[in-house]
Structure formats: C-alpha cells, structure tokens
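Every position in the sequence shown, counted from 1, becomes a number in the working numbering once 19 is added. The C-beta atom is built at its ideal place from N, Cα and C for all residues, glycine as well.
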Amino acid sequence: MSNRMWGGRFETGPAAIMEEINASIDFDRKLYAQDIRGSKAHAAMLAEKGVISADDAAKIAEGLDAIKAEIDAGTFTFSRSLEDVHMNIEARLRELIGPAAGRLHTARSRNDQVAVDIKLWVRDTLDHIEGQLTELMVALVDKAEAHIATVMPGFTHLQSAQPVTFGHHLMAYVEMLSRDRGRIRDARARLNECPLGAAALAGTSFPIDRHRTAEALGFARPTANSLDSVSDRDFALEAMSAAAICAVHLSRFAEEIVIWSTVQFGFIRLSDAFSTGSSIMPQKRNPDAAELVRAKTGRVIGDLNALLVVMKGLPLTYQKDMQEDKEAIFDSLETLSLVLAATTGMVRDMKPDVERMRASAGGGFATATDLADWLVRVLGIPFRDAHHVTGRIVAIAAERGITLDEVPLADMQAVHSGITDAVFDVLSVEKSVASRVSHGGTAPENVRREVARWRRELASS
Ligand code: ARG
Numbered sequence: 020m021s022n023r024m025w026g027g028r029f030e031t032g033p034a035a036i037m038e039e040i041n042a043s044i045d046f047d048r049k050l051y052a053q054d055i056r057g058s059k060a061h062a063a064m065l066a067e068k069g070v071i072s073a074d075d076a077a078k079i080a081e082g083l084d085a086i087k088a089e090i091d092a093g094t095f096t097f098s099r100s101l102e103d104v105h106m107n108i109e110a111r112l113r114e115l116i117g118p119a120a121g122r123l124h125t126a127r128s129r130n131d132q133v134a135v136d137i138k139l140w141v142r143d144t145l146d147h148i149e150g151q152l153t154e155l156m157v158a159l160v161d162k163a164e165a166h167i168a169t170v171m172p173g174f175t176h177l178q179s180a181q182p183v184t185f186g187h188h189l190m191a192y193v194e195m196l197s198r199d200r201g202r203i204r205d206a207r208a209r210l211n212e213c214p215l216g217a218a219a220l221a222g223t224s225f226p227i228d229r230h231r232t233a234e235a236l237g238f239a240r241p242t243a244n245s246l247d248s249v250s251d252r253d254f255a256l257e258a259m260s261a262a263a264i265c266a267v268h269l270s271r272f273a274e275e276i277v278i279w280s281t282v283q284f285g286f287i288r289l290s291d292a293f294s295t296g297s298s299i300m301p302q303k304r305n306p307d308a309a310e311l312v313r314a315k316t317g318r319v320i321g322d323l324n325a326l327l328v329v330m331k332g333l334p335l336t337y338q339k340d341m342q343e344d345k346e347a348i349f350d351s352l353e354t355l356s357l358v359l360a361a362t363t364g365m366v367r368d369m370k371p372d373v374e375r376m377r378a379s380a381g382g383g384f385a386t387a388t389d390l391a392d393w394l395v396r397v398l399g400i401p402f403r404d405a406h407h408v409t410g411r412i413v414a415i416a417a418e419r420g421i422t423l424d425e426v427p428l429a430d431m432q433a434v435h436s437g438i439t440d441a442v443f444d445v446l447s448v449e450k451s452v453a454s455r456v457s458h459g460g461t462a463p464e465n466v467r468r469e470v471a472r473w474r475r476e477l478a479s480s
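Below you can see the structure in the form of structure tokens.
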C-alpha cells in the first residue's frame, strides 16, 4: 500500500529496507508534546484567519489533546510505516475526528513543522539546563562558604605550586559555569524566532498570521526568511557547542574529584551514595560518578561533531539528511543534563579532609614564592636575586627533609645575612594565603567577598 500522507503518485509501498532507513519515529517520538503544541497554535491561527472553520479547529484541538493524553499514558501505538512523529499524530487524529484532521496541514509542511518542534524542544531543554546550572553554582557557593579559609595546595603542572584556599578553588568553577550559563542564555535568545509558516520552503499563498503563531508559542518573532527557516540548524549547533564547553568544564572538575579522592591525595571523601565498590578488592571505593561525568563529555563533544558534519555540505533548503540531527541533539543536551545533576550531587556529598589538605599545602616548599617576595619587599633586593637566595634555602630544607618554616634562622642568614626572624611571618601556609589579597587572589577575605557577591547574583538571576 502506498503512503496515505504523501503516496498519491505512488503505486506500491516502500521496500522494507527503505522503511528502515527512512523512519525516524523510534527517536523523534520524543517531540510529541512540542509537535502537538505547534499544531494547536497553527490550527487556532488558521481558524482566526478564516482558513479553516472554527468548528474544525475545535475538533482538531480536542483530538490533539486526546492524543497527548494517550502518549503521556503510554497507550498510543506508534507505527514505523507512518515514518515520523508528525504523521503518526496526524493519522491518529484522522481516526479520532475524521476528515477535519486533513485540514490541519493547510499552509504548513513537515519541513517547518519539524523545525518548530525541534526548536521548541531545544528551548525547553535549555531552560531546564539553565536551572540546573544555577543549582550547581549554588551548591559550589555553599561548599566554598564552608571552606573560605581551608588551605590546600594550588597546582600548576599538577605539581604543588602555591597554597590556595579550597573555597577559592571551588569558586573558580562558579566563574566557569556562569560563562556556560551565559552561553546557554545567548543561544536561547538567538534561537527564539518561529519558523512555523515558512511551509515547505517558499512560504504560502494562504493568508496566515505568522506573528500570531510565533506569539502563541512564546517566540519573540517569526523568522524572516522562509528558505533559512526550514534549513537552519545552527540554533542546535550553538546549543550543542555551549553544551560541549560546559561538559568539558564538568569533566575537568570530575578529574579533580577522581584525583582528590585517591588514597594518595585523600583530600575529599565521597559517601557511599556516590561511590562503588570493587567485586574483588574489598578496600576499594571507586568514584564512578566522577569518572562517568568525565567520560560522557566525550559523547557531548561527539554529538556536536556529528551534526556539524551532517550539515557541512547541505545546499538550501531542507534535505532529508537533517533528520539525522535529532539523536545528536537529544543525546547532547540530555547527557549534559545528567552530568550536571550528578556533579551537583557530588558537590553536596563531598567531605573535604581539612587536615590532609593543610598538611599537603605545606609540602613541596609551597611558600617559596612568599619567601622570595619577602626578600624583595623587606630587604629591597631584586626579584631575580631573591629567587636565587630562596632556591638555596629550599635546597637546605630539601636536604634535611624539613619544611621552609622549619629551617633555622641562622642557616637562612648564612645564605643571606639580612634575613631576620620576621621572615617566619610569611612562611606558614595560612600567612601565605592571607597575603594574596590582590583582586581575584586566594585570600580568605577575598573569597568571603566573592561568596557574598555570588549569593546576591544567584538570588537575582
Ligand atoms: N522526519 C522528518 C525529519 O525529521 C520530518 C521532515 C520531513 N520532510 C520531508 N520533506 N520529507 O526531518
């Protein structure tokens, strides 16, 4: 049997393999709520403009509501021979309300229909993700506030560099995530133009009101060019790019969680709720959630790449290739949503071992820069010379297996006679972090200010 939706000029149905490659219903059924929203707005507008009768529009709206309820309840039977979500819903509408169903597709094509559906889905999902980002930022600010003065080693090259505060470290992620949130908001604002009514590609001769449907669906305005309307997927690429960058941030944090929770570092402990055991090694606590956040970032990057490659050679306007956008879009944004939730859970769950962090912060002669800075500031010697003097004192400490603040004053004076015992004021890790008061520095008083600033920002956004 030929297809009832477009089979007028066809005598026979498709080959089984054609149906297999052509059908998108297995994945685009996810768009049913958006498809029904778009169809209801379209039908109402057609009735307002006198293109269809008010009676038919009412039947259509009722039928679409009934279908939504069936799909919500899981009682709707999707059929592969009906290809996609649009035709599955329209076919069921015909069963429910009869010939009036056939009037819904006036002044519309599946090309603008699918464009509006996927835009609505991306917009809905970005709104959800924006909320999740805010929740994660709040969780980080809460944890940072509890650890404004907790000292830990700061790293470059994953080598102990200078002491920092744990609160400062966590607040770095708040900055990163706020840029991610900005990108999500930008993408949302830019995509918020309605393609419905562009029809197949050229617009329509029916007296439709695209401003009306745009408004009904919460868009800022209708898209301006019908050809662009049905062939644009850069709104999805932009959302997926923002998702990929955000996922990379979460992956970096996940990597830190993995490192911090090793027995060797022991900076944090995740509770049983976020750890798993080993079936053979009874002592193990594995940070699987963090590892999976790190790994799933690969999918989010891959999804973006997949859609970029699908789009790169397509002439205007709609090409069936574009049906391949959906799985990548869904996977990208749903994966981001999952890893955001898991990360928020881990932030709330993690218990820092403050003593271990502090002990480790003093390791690796982490206050050497403080000693060099003191020599410059107090003795007025050039930084390059101070660096050299400090290097010799570090060598003494290393040789004896002691920390910098344990080197006797006399031994320091043997390296540089000007050194006085005032130097010990800067050699402890607490003094070191407390002195880093430059704008954006790690001093607890700075972190306290930043926590307060972000509390205000997050309360008002
Ligand atoms: N399932 C299709 C897609 O997702 C809907 C649009 C089909 N349009 C067409 N002219 N065949 O892209």
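As DSSP reads the structure, residue 22 sits in no beta bridge.
Inside the segment 328 to 379, DSSP marks whole alpha helix (DSSP H) runs of 4 or more residues at positions 344 to 368, from first to last along the chain. In this structure, the CA atom of residue 36 is about 16 Å from the CA atom of residue 103.
Restricting attention to alpha helix (DSSP H) runs no shorter than 4 residues, the segment 413 to 477 encloses them at 428 to 434, 443 to 446 and 448 to 454, ordered along the chain. Three or more beta-carbon pairs separated by less than 8 Å are not found between the segment 241 to 257 and the segment 158 to 168, which leaves the two stretches without contact. At a threshold of 8 Å, residue 219 counts as near the ligand ARG, since its beta carbon sits closer than that to one of the ligand's heavy atoms.
Exclusion of the five residues before and after residue 168 leaves 184 and 463 as the residues of its chain whose Cβ lies within less than 7 Å of its Cβ. Of all alpha-carbon atoms in 347, 246, 78 and 83, the one lying nearest the alpha-carbon of residue 319 is that of 347.
Around the beta-carbon of residue 439, fewer than 16 other beta-carbon atoms lie within 10 Å, marking it exposed. Around the beta carbon of residue 39, a 10 Å sphere encloses fewer than 16 other beta carbons of the protein chains shown; the residue is thus reported as exposed. Membership of residue 174 in the beta strand (DSSP E) is indicated by the continuous run 170 to 175. Per DSSP, reduced to three states, the secondary structure at residue 118 is helical. Taking residue 52 as the centre and dropping the five residues before and after it, the same chain places the C-beta of 87 closer than 7 Å to its C-beta, in chain order. Within its own chain, the residues whose Cβ lies closer than 7 Å to the Cβ of residue 136, once the five positions on either side in sequence are excluded, are 50, 53, 54 and 57, listed in chain order. By the Cβ neighbour-count rule, residue 286 is buried, with 16 or more other Cβ atoms within 10 Å of its own. Given a length threshold of 4 residues, each whole run of the alpha helix (DSSP H) inside the segment 40 to 98 is given here in chain order: 44 to 47, 51 to 67 and 73 to 92. Straight-line spacing of the CA atoms in residue 370 and residue 394 works out to 38 Å.
Inclusion of residue 337 in the 8 Å shell around the ligand ARG follows from its C-beta lying nearer than that to a non-hydrogen atom of the ligand. In this structure, residue 365 has its beta carbon at no less than 8 Å from each heavy atom of the ligand ARG. DSSP places residue 280 in no beta strand (DSSP E); its state is neither H nor E. Bridge pairing for residue 288: 370 [DSSP].
Within the same chain, Cβ atoms closer than 6 Å to the Cβ of residue 66 are found at 73 and 76, the five residues on either side in sequence being excluded.
Under the Cβ criterion (8 Å, minimum of three pairs), the segment 425 to 437 does not count as touching the segment 130 to 144. Shortest Cα-Cα distance from residue 79 to any of 113, 327, 101 and 97 involves 113. The three-state reading of DSSP puts residue 178 in strand, counting E and B together. In this structure, DSSP gives residue 154 a helical state, which the three-state scheme calls helix.
Residue burial is scored here from C-beta neighbours: residue 63 has at least 16 other C-beta atoms within 10 angstroms and is therefore classed as buried. Between residue 426 and residue 416, the C-beta spacing is below 9 Å. Taking a C-beta distance under 9 Å as the contact criterion, residue 390 and residue 423 qualify as a contact pair. With a contact defined as Cβ atoms closer than 8 Å, residue 181 and residue 451 qualify at about 7 Å. For residue 184, the secondary structure class from DSSP, reduced to helix, strand or coil, is strand. Nearest to residue 128 by alpha-carbon distance, out of 272, 219 and 244, is 219. Sixteen is the threshold: since fewer than 16 other Cβ atoms of the shown chains lie within 10 Å of the Cβ of residue 177, the residue is exposed. The residues 160, in chain order, have a CB closer than 7 Å to that of residue 474 in the same chain once the five nearest residues on each side in sequence are set aside. The straight-line gap separating the alpha-carbon atoms of residue 469 and residue 189 is approximately 11 Å. Secondary structure at residue 127: coil, using DSSP grouped into helix, strand and coil.
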